[in-house]
Amino acid sequence: METLINLQSGFMVALQPENLLFCLIGVTLGTVIGLLPGIGALSTISMLLPVTFYMDPTTAIIMLAGVFYGAQYGGSTASILLNIPGTSTNAITCLDGHPMAKQGRAGVALAITTWTSFIGGTFSILVLVFLAPFIARVALQFGAAEYFSIAVFGLIAASTLSPGSALKGLAMVVLGLVLGLVGMDINSGVQRLNLGMLELSDGLNIVALAMGLFGVAEILVNLLRTSATPFAIGNVSFKSLFPTRQDVRDSTFPTVRGMLIGCLCGILPGVGPTIASFMAYAAERKVSRHPEKFGTGIVEGIAAPEAANNASVQSAFIPTLSLGIPGDSVMAVLLGALLIHGIVPGPTLVIDQPQLFWGLIASFWIGNLILLLLNLPLIGVFVQILRIPYDALYIAMLFFICVGVFTIRNNVFDIFVVIFFGIVGTMMILGRYPAAPLLLGFLLGPMIEENMRRALLLSRGDVFTFVDSPITAACMIFSAIALIWSFWQPVSQMLKRRRATPKPLGSTQE
Amino acid sequence: MKRRTSLKLLAAIGALGLTSSAVLAEDFPTRPITVVLPYTAGGATDTLARVIAAPLGTVLGQPVVIENKPGAGGAVGAEFVARSKPDGYTILFHTATVSVYPTTQPDLDFDFREDFAPITLATKAPFVIAVNASLPVNTLQEFLEYARAHPGELNHGSPGTGTSTHLTAELFKQKTGIDLLHVPYGGSSAVLTATRSGEIDFMVDTYLGIQGAVKSGDVKALAVGTKTRQAFNPDIPTLEEQGVTGLELAAWFAFSAPKGTPPEIIDQLNAAIIEAMKDPQVKKTVEAQGEVVGTTPEELRQRIAEEVDIWAAVAKQAGIK
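Now the structure itself:
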């Protein structure tokens with residue numbers, strides 16, 4: 086009850102004209118930068134930060150946070166329409182979103198991602214309102230062994246992430262792991278695979294890698310295939326903005342699973358929205374009755390990851406606000422913004438700064454509502470992007486990608502990285518090697534290595550540390566089941582096929 | 002007579018020399034100054050640089066622009082400045098990490114001691130020694146006794162092997178003779194998380210990052226690394242008060258220019274930065290984590306030279322290559 090009263094006062098704060106205006110500015114800006122490939126929330130928020138020095142802290146954080154979650158809405162639009170992810174968190178949405186656009190269902194895809202984004206975000210806001218302190222305490226109990234076991238489970242799921250050859254998928258996971266090794270090993274301080282280049286000593290940048298493999302590669306492949314009008318532009322009527330009954334039926338459970346996975350990934354520091362969306366997609370393929378349809382343009386494939394990344398960016402505020410622990414680099418910058426104003430996030434924030442805490446949470450939901458109202462009517466406009474001649478569009482996109490990766494570190498080197506991986510990605514597309522498992526291997530590899538070595542240091546070399554807590558044991562058992570299942574599945578299908586078509590006589594030579 | 006004339010001539014040349022350099026310094030700056038910040042935008046060092054840059058621009062009469070060039074623990078940005086034109090228009094804002102480079106990154110293309118002209122050590126932020134709240138200790142002495150009674154059992158968390166925070170903690174361990182197992186994490190906030198949960202027992206960090214955890218009682222701040230207690234939390238006693246003498250553990254932030262920058266310009270920048278730090282907003286930001294210093298260029302040069310040797314010795318003893 087007290088929570089509801091607090092929330093009500095929060096809405097009073099968030100609905101003040103100034104706060105409402107900056108919330109609108111934040112989410113609109115977020116949508117735009119999300120739409121532009123390469124330019125992400127991190128560089129935008131960092132650039133806006135000095136401006137906020139002179140603002141009221143609540144207003145400042147409302148705006149900066151709006152950019153962060155607004156970008157998640159915008160990012161999927163570019164994924165669906167152009168097959169170029171707006172941000173790395175939306176990369177996985179390309180797999181089913183773009184085929185839908187090719188079938189003339191771009192409007193439906195955009196509507197579904199907007200709705201699931203809204204639902205995912207709202208769910209995490211509710212968790213934030215009612216369970217934040219409790220959940221933050223539980224998340225704190227996740228040690229190195231727990232992170233290790235979750236990452237292992239995620240990686241095993243990743244090896245079956247994409248349709249097509251399982252062997253090629255596995256090869257890409259391994260390539261991702263190798264790319265994840267680049268840079269300084271925090272355990273020994275030794276530089277690995279940096280080719281003697283100072284710029285590689287912090288490892289490859291995820292944005293440069295994702296934009297190269299998904300964005301630049303897509304542009305190059307399309308330049309190779311010179312086709313005039315690649316796909317039909319479906320009519321976007323008002324009615325088509327609302328999903329059909331069948332769409333709702335197909336996307337309900339994926340959305341629920343996606344938002345649960347996303348919420349969990351956001352709470353755990355260091356996991357974040359990109360891993361959340363990939364995990365959600367992998368989970369959908371695992372539980373689906375028709376995994377072979379993924380990648381052909383089905384709603385499950387866009388609903389789950391979009392619910393997940395929005396749930397994740399919203400729940401990432403739980404450890405940041407209630408413990409003062411930033412889960413990723415965007416959160417670290419937002420934490421910095423609070424500290425500049427002399428506000429110290431932590432368990433006492435709710436008591437010390439109730440106006441800020443509840444006002445911010447209320448603004449999240451208002452911001453999500455604005456995004457919903459902003460994005461749905463704009464879908465018709467967005468779809469018109471497809472009418473722009475490809476030559477012009479692609480040059481513009483290439484430009485934005487280069488500017489985007491440059492702004493991360495103000496370093497020309499990253500432009501070469503994005504172009505290099507664009508060429509690698511082009512060859513991968515032509516050879517039908519999936520990029521998604523590579524990206525997940527790249528993200529989870531360092532997490533697995535660091536946490537395994539850390540857990541072994543902490544346990545003084547005792548390997549049973551990986552099975553002796555309920556969380557680690559459960560993850561290890563699930564991993565083992567997933568592993569056995571993925572080996573068993575092709576075998577059982579082969580056996581089924583043999584039983585179905587009895588061998589003709591005389592073919593015993595097989 | 003002849004002698005006199007030549008003396009006059011000499012004096013005239015001397016005077017000419019003086020005026021020309023005076024003119025040079027008066028002419029500086031005629032365009033915006035770029036401060037290269039070798040860390041990401043939005044971090045604590047970035048904030049500090051931006052807060053100083055605003056009044057510095059007013060003092061110099063030209064805008065001061067911050068350019069973030071992060072990478073390789075600050076080495077990417079430092080290398081960029083080392084290669085820049087030594088005219089005072091491109092300078093570096095850096096941390097004590099530059100003293101660690103010769104030890105941990107010996108194959109860099111520059112040597113900070115040779116290739117830079119120090120301007121001033123601007124501000125200092127003492128390291129705070131913090132432990133997990135469930136450890137049965139309340140003072141530094143109690144902690145040292147406890148650690149000596151349990152050698153090798155306690156865990157020390159750092160934001161990465163060979164970082165200046167790691168070496169600072171190693172120096173403390175070596176001076177006090179305690180044996181803790183070093184466990185590296187990928188960044189300061191991860192270390193703090195682990196110290197709160199009890200995975201890690203001991204850490205050092207500047208106050209800005211850990212203040213929330215100290216206030217909520219999740220970690221205990223046992224000592225500050227400076228000679229005097231600090232304004233940000235006067236309840237934390239110093240090392241010396243608790244019997245650990247001859248040790249200063251502090252992060253610091255400084256400005257340096259590329260080698261070959263005219264000394265007049267260095268002096269002018271030095272004076273301007275010290276003047277700019279009198280600004281109340283600067284004072285407020287700095288005192289949240291430490292104190293304003295403002296040394297001479299020579300003092301900064303000596304400090305870096307001394308610390309390079311200290312870190313080399315610490316790393317050798319700790320077995321870090």
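Chains B and H, in that order, give the protein sequences. My numbering puts the last residue of the first sequence at 595; the count rises by one with no breaks. My numbering puts the last residue of the second sequence at 322; the count rises by one with no breaks. Don't be surprised by glycine CBs; every beta carbon is placed ideally from N, CA and C. Since this is a predicted model, take the numbers as computed values, not measurements.
Of the residues B:V193, B:I235, B:F238 and B:A242, which one's Cα is nearest the Cα of P328 of chain B? B:V193
Can you tell me whether G489 of chain B is helix, strand or coil according to DSSP? helix
Between B:A368, B:G386 and B:L285, which has its C-alpha nearest S336 of chain B's C-alpha? B:G386
Starting from N133 of chain H, follow the beta strand (DSSP E) in both directions and report where the run begins and ends. F117 to N133
Comparing alpha-carbon positions, which option in B:S161, B:V237, B:P102 and B:I165 lies nearest G26 of chain B? Nothing about residue 26 of chain B can be read from this structure; chain B reaches only from 86 to 595.
Between T88 of chain B and V214 of chain B, what straight-line distance do the alpha-carbon atoms span, to the nearest angstrom? 8 Å
Just to confirm the assignment: which complete alpha helix (DSSP H) runs, minimum length 4, are found wholly within the region 148–219 of chain B? 178–187
For G43 of chain H, which of B:Q578, B:P519 and B:I425 has the nearest alpha-carbon? B:I425
Which chain B residues sit within Cβ distance under 8 Å of K284 of chain H? What K284 of chain H touches in chain B: nothing, since even the nearest Cβ is about 13 Å away.
Close beta carbons around G118 of chain H, own chain, < 6 Å, minus the five adjacent residues each side: Residue 118 of chain H is actually Ala in this sequence, not Gly. Contacts found: A258, K260, T262 and I267.
Going by other Cβ atoms of all chains shown within 10 Å of its Cβ, with 16 needed for buried, is D110 of chain H buried or exposed? exposed
So the alpha helix (DSSP H) M204 of chain H belongs to, where does it begin and stop? Run containing M204 of chain H: none in the alpha helix (DSSP H); it sits in the beta strand (DSSP E), F203 to T207.
Would you please verify whether the beta carbon of P107 of chain H is less than 8 Å from any beta carbon of chain B? no
Assigned secondary structure, S400 of chain B (DSSP; H/G/I helix, E/B strand, else coil): helix
Hey, is the region 151–165 of chain H in contact with the region 200–211 of chain H, meaning 3+ C-beta pairs nearer than 8 Å? yes
Nearest residue (CA-CA) to M600 of chain B, options B:I569, B:M532, B:D547 and B:F491: An answer regarding residue 600 of chain B cannot be provided, because it is not within the stretch 86 to 595 covered by chain B.
Give a yes or no on whether the minimum CB-CB distance between Q226 of chain B and chain H is below 8 Å. yes
Using a Cβ distance threshold of 8 Å, determine whether the region 177–188 of chain B contacts the region 373–381 of chain B, with at least three qualifying pairs required. yes
Outcome for P432 of chain B when other beta-carbon atoms lying within 10 angstroms are tallied against a minimum of 16: buried
Just by C-beta distance, which residues in the region 133–163 of chain B are closer than 8 Å to chain H? L134, P135 and F138
Are V306 of chain B and I514 of chain B touching if we call contact CB-CB under 8 Å? yes
Going by beta-carbon coordinates alone, are Q290 of chain H and T207 of chain H separated by less than 8 Å? yes
Going along the chain, which residues of the region 275–296 of chain B sit with their C-beta nearer than 7 Å to a C-beta in chain A? Considering every chain present, this structure includes no chain A. Its protein chains are B and H.
Note down, in chain order, each residue of its chain lying with its Cβ closer than 7 Å to the Cβ of I410 of chain B, except the 5 sequence neighbours on either side. P354 and P404
Through-space distance from T98 of chain H to I556 of chain B, alpha-carbon basis: 39 Å
Between the C-alpha atoms of L25 of chain H and T113 of chain B, what's the straight-line distance to the nearest angstrom? Here the model assigns L25 of chain H a pLDDT of 48, short of 50, so the residue's position is not dependable, and the following value carries that caveat. So the alpha carbons of these two residues sit roughly 49 Å apart.
Apart from the five residues just before and just after A23 of chain H, which ones in its own chain have a Cβ nearer than 6 Å to its Cβ? Model confidence at A23 of chain H stands at a pLDDT of 43, short of 50, so the residue's coordinates are unreliable; what they give is reported in the following sentence. So the list is empty, once near-sequence residues are dropped.
Taking all protein chains shown into account, decide if N175 of chain B is buried (16 or more other Cβ within 10 angstroms of its Cβ) or exposed. buried
What's the C-alpha gap between I275 of chain H and H95 of chain H? 16 Å
My guess is that I165 of chain B and T198 of chain B are in contact by the Cβ rule of under 8 Å, so how many angstroms apart are they, rounded? 7 Å
Contacting residues, own chain, Cβ-Cβ under 6 Å from T20 of chain H (five flanking each side not counted): Note that T20 of chain H scores a pLDDT of 42, beneath 50, so its modelled location is shaky; the value from the coordinates is reported in the next line. Excluding positions up to five away in sequence, the list is empty.
Report the CB separation of V98 of chain B from N104 of chain B in whole angstroms; it is logged as a contact under 8 Å. 6 Å
is_contact[Q594 of chain B, chain H] using C-beta, thresh 8 Å: The predicted model places Q594 of chain B with a pLDDT of 41, which falls under 50 and marks its position as unreliable; any figure quoted below should be read in that light. Chain H contact via Cβ: absent.
Please name the residue in H:V294, H:T140 and H:V315 whose C-alpha comes closest to that of A1 of chain H. For chain H, the structure presents residues 2 to 322; residue 1 of chain H sits outside this window and is missing.
Whose C-alpha, out of B:L149, B:A150 and B:G171, is nearest the C-alpha of G159 of chain B? B:G171
Let me see if you follow: with CB-CB separation under 8 Å, is E80 of chain H close to chain B or not? yes
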